[in-house]
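Chains as they are written, first to last, in UniProt numbering: chain X, 1 to 509; chain A, 1 to 509.
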């Protein structure tokens, strides 16, 4: 049984005294968890995955009540959460992520005798992880950040999102019990509640990194706090994105209706409350999609928004956009607040000319977190590529719809521009739906993230919480086990002696 | 011929108008250099290495006059600089550094059909690189940062160190000519002069990263500026280190004299103006090294310090340490300022008891940049491991001297503690002398660096200036060449279809 708080229970914020205990336990757990063998850590992650799936019938209804998300969506998200944990378990057993590098000692190295060096990635220490509102499983208590933090060998201090506190505590109880049963050290996984506790924890000297998924405003505040500490720490924030899409005339000629319906489905899913929702679609003037879009939008049922802050933010953005000069409504959609204060919405799709976007850019270009998207009607003969630096900041994704065999200098240049402004560039399809795989990149230049050298989805996410250490001429008895001469199984990149001889020769000229 | 400025020439600071031109050229060069094939970039790096070696006889004397460093040291450093460039040339031709990952499309993936994803690291864009004073070749104009920035495919804007401006401009002329002759785009390598220009450049929106080797104070100011930009950028600062060394009684029993002389040699080299100089040696009380140390120190000739700021800083630190209660002088050494204002020093070696270090920690624990080191005499029976968290902040290196077969729980724990506080942990030997190799880690927790997930020496340094981009279902014609189906030679990690089936089964329970 989980220990889900009753619906009417007051959920108290973490007190300073409780927080001090949390930080102390995390600091004590850090070396013990770091020293835990990879296969034992992997078993613990799998145990958490098993436990979450075993408790799905209890957890999903709690999430439905708290977030307004549909059962199918939450069941799928819980499955994804479990798969993420299993994927990280496989990642750490494989060991490639440790990037083990060995330089053999080389008395003839070009710069004089070279020592033996053995290099490996080691865990940073306790990490504060700020849960997201819009993925109450996959980016929350046991989500991708937690999975990669634990997989890396770091304790996690999970700051509960106040949008789904009951689900968070219920999930946390499942996670904690599974970790305890699998022998993980006490203090490896803890939750804290309240903004103040999160801010204090992020600034505590025992904390070595932060991760966050949420708004640009909150993310920037936290990133600045992390950078301003006496001892600065890395902060990995995923902040937001408008995910531009470019559609050519040839793509429309080949599949206009599929594009219109795919677009509306992508905008409407989870009421548009996804960081990969397509926010702007640049397409030729006169594309003729209005009818198909209006029809598809009309078929979308009302969907509850996650919480009152998001409802209020969406209402303000939507009002601003609808009130901007040159905005033409294709599907007006709706937004109403019910007697409980919950917002309910259907998709709002509008169009602007390129000139109107230029004139109204300060009103239009921000992210609208909810089921709203803007078509940008580009005059025939206008090159797409220059629009990217003109209108696009950093994004998580960017998409090109072109003909199956279409190409041009402009499109080649467009893809280059998109890859300079986004972490993932799609050909066809829609950016919502993020595969949890080794090659996924879920990140991108500011303001999509605070740190575009990292990803928060996929196995590469683990490297956020690791740093390299090289051991020089160190006997096996003092080395971490994976670096010992006797170690097997973990891939190593070896620099043999004798390879640099030609540099020495070059140097003697 | 190089264009070394005359000794009495005034070297003007970069004006705002000149800086704007530099930034504009760098921004234009960025996509062109990023699109340059790896083998062409490699040839450009090799051309720079060849040119530097060909101009050694002109450059080294200029460096000797400006820095006071000895000819052999500077010739060795120029060779190292050339080897670094060659090593990065090999790194980019090999292509492993791109971390290419490919997920095959998988209709049966555990979470539903998975798209094809192709992931690669791409260059960040223009980087401002603040040169160091103490390595006028290897961490300056054409040093390791410049080599790794260029290798990554980024333009470099090199902020000249004011300690060796004539050498900097002469080196820059050699580098620029070699790059031009090898066909590199205009604007790939540029220099700027003056603190104000560096600060403005770091904050310019066209600049995408910063690198720095220098003092904690300056590095913190620049790191804070980089973090506070409207669009924050990564900043890789290598700031300083005291490089603790721990010596056991057994090590002394086996080789006391070699330890004493090795220690003095390491402290005295380049007048101790190395970021890896051993600053503290913890050893058993009554180790009996005084005589050997005094003798070795007395044999060290006076060495000029790099510049008047460093002389003044060293004088102040040395006075503070010599004036602290409980400090016992083993070799007093000397520091004098000559009629030209240059400082000249011989090694100063002092000892303190563990209790005196505790009492005087605020005066004693900072880095002394110059030929001064402190022995810490630890009472018999005191465990070493707990001293690390008590006295050591983040360091570039940490060293253990123990007996050839000696081990104990304390020593195992000590090495763990050292690896938690340093980027490189040595057994025996001395930390000065940094191999430029694949497994080198030259970095460490704050305040050793601003970013301990990176290294500034060795081939791994290239990843500082790259970020990942994933292409989803992208046809070959729009892909970067290394990701195309036809590409050969660059290693890829492939996730085949069908591997995740068991996760799906687990999920259905």
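Glycine included, each C-beta is placed from N, C-alpha and C at the ideal position.
Taking a beta-carbon distance threshold of 8 Å, residue 435 (chain A) counts as an interface residue toward chain X.
Taking C-beta separations shorter than 7 Å and ignoring five residues to either side along the sequence, the partners of residue 83 (chain A) in its chain run 436, following chain order.
For the 8 Å CB-CB criterion, residue 202 (chain A) and residue 128 (chain A) form a contact. Chain X has no Cβ within less than 8 Å of the Cβ of residue 245 (chain A). For residue 221 (chain A), the secondary structure class from DSSP, reduced to helix, strand or coil, is helix. Looking at the DSSP output, residue 290 (chain X) bridges to nothing. Excluding its 5 nearest sequence neighbours in each direction, residue 452 (chain A) has C-beta neighbours in its own chain below 8 Å: 394, 423, 443, 444, 445 and 446, listed in chain order. At a cut-off of 8 Å between C-beta atoms, residue 83 (chain A) counts as an interface residue with respect to chain X. Separation of residue 62 (chain A) and residue 71 (chain A) (C-alpha to C-alpha, rounded to the nearest whole angstrom) is 10 Å. For residue 276 (chain X) and residue 493 (chain X), the gap between their C-alpha atoms comes out near 36 Å.
Residue 57 (chain A) and residue 234 (chain X) have their C-alpha atoms roughly 44 Å apart. The DSSP-derived three-state label of residue 16 (chain X) is helix. With contact defined as three or more Cβ pairs closer than 8 Å, the region 189 to 198 of chain A and the region 110 to 119 of chain A are not in contact. DSSP places residue 410 (chain X) in the uninterrupted alpha helix (DSSP H) bounded by 409 to 421.
DSSP, reduced to helix, strand and coil, places residue 36 (chain X) outside both helices and strands of the structure shown, so it counts as coil. Within the DSSP bridge table, the entry for residue 106 (chain X) names X:114 as partners. For residue 189 (chain X), same chain residues with a beta-carbon under 8 Å away, outside a window of 5 residues either side, are 146, 150, 155, 156, 158, 172, 175, 176 and 179 in chain order.
For residue 492 (chain X), the enclosing beta strand (DSSP E) begins and ends at 492 to 495.
8 Å or more divides the Cβ of residue 242 (chain X) from the Cβ of residue 371 (chain X). Using a Cβ-Cβ cut-off of 8 Å, residue 450 (chain X) counts as an interface residue toward chain A, since at least one Cβ of chain A sits closer than that to its own. Bounds of any beta strand (DSSP E) do not take in residue 306 (chain A), whose DSSP letter is neither H nor E.
Here residue 400 (chain X) carries a strand assignment [DSSP, helix/strand/coil].
Every unbroken stretch of the beta strand (DSSP E) spanning 3 or more residues and falling wholly within the region 295 to 346 of chain A is given here in chain order: 328 to 331, 334 to 337 and 343 to 346. According to DSSP, residue pairing for residue 266 (chain X) in a beta bridge does not occur. For residue 462 (chain A), the secondary structure class from DSSP, reduced to helix, strand or coil, is helix. Taken through DSSP and simplified to helix, strand or coil, residue 273 (chain A) comes out as coil. According to the DSSP secondary-structure assignment, residue 395 (chain A) is paired through a beta bridge with A:422.
In this structure, DSSP gives residue 59 (chain X) a helical state, which the three-state scheme calls helix. Taken in chain order, the members of the region 407 to 429 of chain X whose beta-carbon sits within less than 8 Å of a beta-carbon on chain A are 407, 411, 412, 415, 416, 419, 420, 422, 423, 424, 425, 426, 427, 428 and 429. Secondary structure note for residue 150 (chain A): its alpha helix (DSSP H) is the uninterrupted segment 144 to 152. Close CB contacts of residue 419 (chain X) within its chain, under the 7 Å cut and outside five residues either way in sequence, are with 425 (chain order). Here residue 336 (chain A) is exposed. Its C-beta has fewer than 16 other C-beta atoms within 10 Å. Secondary structure of residue 283 (chain A) (DSSP, three-state): strand. Boundaries of the beta strand (DSSP E) around residue 351 (chain X): 348 to 353. For residue 497 (chain X), the CB contacts under 6 Å within the same chain, skipping 5 residues up- and downstream, are 104 and 106 in chain order. For residue 468 (chain X), the beta-bridge partners assigned by DSSP are X:121.
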